[in-house]
Amino acid sequence: MYSHQSQYSSHNIDANRIRRDAEARRNAAQASWEAETSRVQSDEAELEEEPIQETVLTKREKATTRAREKAKASKAFQRAQKKGVDFSDSDDVDEDLYGATSLPKIGQFENCQICAIRFSVTPYSRTGPDGGLLCIKCTKELDDEEGRPRKKRKTAARYNRRKIESERLEGASGRGARDLVSQCVSTLANNVHQAEDFGDLPPVLVDKLAQLLSKRRMLDSRTLDLFLKPGVANITAYDGAKLKSDDYIRIFQVAPGIKHLRLRNAIQFKEKVMDYLTASTVELESLSLHGANLIDDEHWTSFLMAKGSHLRSLKVYHTDVSFGDEVMRSIKDLCPNLTRLKICHNQKVTSAGLYHIASLKHLQHLSLELYKPTITEPYVEIITHVGANLKTLSLVGIPHLDDSLLHAIHTHCTSLSKLRLKRNESFTDAAFAALFTRWRNPALRIVDLGECRHVDSLTLDNPDSVGLCSSGFEALMAHSGRHLGSLNLLSCRHIERAAFERVFEEGKTYPELETVDLSDGEESKGVWVLWGEGCEGAEGEEFVGESECEGDDD
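Residues in the sequence shown are numbered from -14 upward in steps of one, following the working numbering.
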């Protein structure tokens, strides 16, 4: 007993005082309830004297009435009456008085406006008809009475550019239903893991399947087996990122008679794969490797020494710090029958290695994109010796080539159908005009002179007419316009609008022109209207607003 008393005293708690406080609260509540009951009974007695038509109130109206009564019984209402303020029975006055108190903050307790149950306020507590807050149960009931909010009407999805490009890659760029062959190929690609063999599908459809599987990142060791047959001559892997070195070796084991091999993202095409290819009986006529950057110059030289005499086409992309001048010398000595050479995104070839290309007497297609700075002389040497046989010429990202190269092309190139000279800062408009004036070469089918322009950071007005300007553009269209199919003038900002108007004026037509890229041109706004009038005979016209990816046809 003593211990309990000491415990109460230590916490300053008096049991008698607690009991008295509780009894006082109960008595006060009882008195308040009796007073309210007597008031309600007196009100009901008065109402019985005047019979009125009873109306059925909704729950919302009952809540509103109860809230108004509460507002009129509040101290704010009583203080206003003492000051002599005239109150009417209008709803606006009642709502103003009741709404004068601010809502409780989040986390505090509040009584529900309708059922008076005490609840904790949350960010999702709904406001009642007269500004008070509602508990969860009353909120749901009120939502049911008012009806659920209407869902937004679903609109048809826009046919956006991403979808268009995706379908274009799958060969279904046209609107409407696909043809039966395309639908069958797409269905087979969707269920390729259930396929055991492609059977006797023609090579065109097999290539289409390879494109679809690569686009969907589904080309792996399992699906590669579907393309391998002992008698197959062409194999293309558009995305070999999931293939391993043993998968590439298996290609040569299963198909020893393969003649044309094209591999993109061939990261695992390593030196051991090149060693196996060099020692095998495979005699490739064309090889295209993209991303095989783990093969050093020694292995490239060994491969060319063993297989170079059979090669007709060699394309190498993204080799990082391999495939340098020594390999270029080996190409000159060991690949005498080479007709197509493409070296892109190369970091090792220098001007000294370029001179060896001039010895390839049968070369017809040349494409170079080198990262190391080079001079103009080796390019002029190449054009001088092999320019007469060239059908396509692509020199990209070589900014300091000068006008002597354009003069060499004008003098020695007489069989070109495609010309790409891109991202150059030194060619002049006068040299372009001289190139296309009285040129013995037939009309070009594809022309790409994108970003051959004056560097704006020097002087904006381009006083020396650097890059392709008005005179060069008009000379180009006069020479090749009638048979030109694709024209890229990306960022050629110094072609005047008057030149476009003269080229596409009434009476001048270009029936075979299908694609034009005039992106980032200062004076090219609205030219598509003129171009459309001058190309009415062409089918599948396309005015390109952004530069397209360069193809693999150089």
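Each residue gets a CB set at the ideal place from its N, CA and C atoms; glycine is no exception.
On a predicted model such as this, the values are computed, not experimentally measured, just so you know.
* To do: Return yes when the Cβ of Met259 is within less than 8 angstroms of the Cβ of His284, no when it is not.
  => For the 8 angstroms CB-CB criterion, His284 and Met259 form a contact.
* Identify the continuous beta strand (DSSP E) that holds Val381 and give its terminal residues. => 377 to 381
* **One or two residues paired with Gly452 in a DSSP bridge** => Arg438
* Asked: Three-state secondary structure (DSSP) at Thr286?
  -> helix
* the stretch 384 to 392 / the stretch 338 to 357 touching (three or more Cβ pairs under 8 angstroms) -> no
* With DSSP run on the structure shown, which of helix, strand or coil describes Ser307? -> coil
* Asked: Whose C-alpha, out of Arg5, Glu366, Gly309, Asn374, is nearest the C-alpha of Arg325?
  -> Asn374
* To do: List the whole-angstrom C-beta distance separating Gln98 from Gly113, where the pair is believed to meet the contact cut-off of C-beta under 8 angstroms.
  => 4 angstroms
* Are the beta-carbon atoms of Leu401 and Glu436 separated by less than 8 angstroms? -> Going by beta carbons, Leu401 and Glu436 fall outside the 8 angstroms limit.
* Which stretch, first to last residue, makes up the beta strand (DSSP E) that contains Leu386? -> Per DSSP, Leu386 belongs to no beta strand (DSSP E) and is neither H nor E.
* **Nearest to Glu181 (by Cα), restricted to the options Leu173, Leu296, Thr107** => Its Cα nearest to that of Glu181, the residue Leu173 stands out among Leu173, Leu296, Thr107.
* Rounded straight-line distance, which links the Cα of Arg4 to that of Ile102 -> 27 angstroms
* Identity of the residue in Ser450, Tyr340, Ile236, Asp502 nearest Gly470 by Cα -> Asp502
* **Enclosing beta strand (DSSP E) for Lys214 [first to last residue]** => Premise fails: Lys214 is in no beta strand (DSSP E) and is neither H nor E.
* Just confirm the distance between the C-beta atoms of Ala484 and Ser455, as a whole number of angstroms; I'd bet it's less than 8 angstroms. => 4 angstroms
* To do: Look at the alpha carbon of Tyr495 and the alpha carbon of Glu481, and state the distance between them as a whole number of angstroms.
  => 20 angstroms
* Identify, in the order they occur along the chain, each residue of the same chain with its Cβ nearer than 6 angstroms to the Cβ of Glu410, setting aside the five sequence neighbours on each side. => Only Pro384, Val440 meet the Cβ criterion.
* Asked: Tell me the DSSP bridge mates of Asn96?
  -> Arg103
* Asked: Counting along the chain, where does the beta strand (DSSP E) carrying Leu204 start and finish?
  -> No beta strand (DSSP E) contains Leu204, which DSSP labels as neither H nor E.
* From Tyr83 to Asp115, what distance separates their C-alpha atoms? -> A caution first: Tyr83 carries a pLDDT of 45, below 50, which makes its placement in the model unreliable, though a value can still be read off. Roughly 8 angstroms between the two C-alpha positions.
* In chain order, what residues of the same chain have a beta carbon less than 8 angstroms from the beta carbon of Ser389, not counting five sequence neighbours either side? -> Thr361, Val365
* **Three-state secondary structure (DSSP) of Asn542** => The requested residue 542 does not occur in the structure, where the chain is confined to residues -14 to 539.
* Compute the Euclidean distance between the alpha carbons of Leu228 and Arg297, then round it to the nearest angstrom. => Pairing Leu228 with Arg297, the inter-Cα distance amounts to about 26 angstroms.
* **Burial state of Met290 (16 or more Cβ within 10 Å)** => exposed
* Using DSSP with H/G/I as helix, E/B as strand and the rest coil, what is Cys123? -> helix
* Asked: In this structure, does DSSP put Ile243 in helix, strand or coil?
  -> Coil, per DSSP.
* Burial state of His347 (16 or more Cβ within 10 Å) -> exposed
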